[in-house]
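Below is one structure; the comments refer to it alone.
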Amino acid sequence: MVKSIFVGNLAWSAEDDDLRNFFSECGTVIRVRIMKDQETGRSRGFAFVDMDADEADAAIETLNGKNLMGRPASLSEAKPREPRR
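For the sequence shown, the positions run 1 to 85 when full-length UniProt numbering is used.
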């Protein structure tokens with residue numbers, strides 16, 4: 001089963017490969033999605049990383065608060081988006 005990890009406090013300059021490398025010590029990264037502003041194309045400072053559920057849990061436990069490009073990574077299990085009113 002695949003689990004999505006919310007990655008907050010992301011450096012503006014972070015790229016997909018930076019996240020793949022950061023998470024690789026805990027397992028295989030299936031997909032990386034850096035959220036970008038629709039108008040400017042600039043990072044919004046957060047991303048989602050998909051991994052196997054067990055590897056994702058280990059990654060959250062091991063890497064939360066660790067240095068990711070000069071900033072402490074803020075990791076948690078991604079929650080479904082609330083419907084907009």
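The beta-carbon is built from N, C-alpha and C at its ideal position, and this holds for glycine as well.
C-alpha of R42 to C-alpha of D18: approximately 16 Å in a straight line. Apart from sequence neighbours up to five positions away, the residues of its chain that approach F23 with a beta-carbon distance below 6 Å are V29, V49 and A59, ordered along the chain. Rounded to whole angstroms, the gap between the alpha carbons of R81 and F6 is 12 Å. In this structure, the beta-carbon distance from A73 to N64 falls below 8 Å. Distances from the CA of R20 to each of A11, L10, V32 and N9 were compared; the closest alpha carbon is that of V32.
Judged by their CB atoms, S13 and M69 are nearer to each other than the 8 Å cut-off. When DSSP states are grouped into helix, strand and coil, R81 belongs to the coil group.
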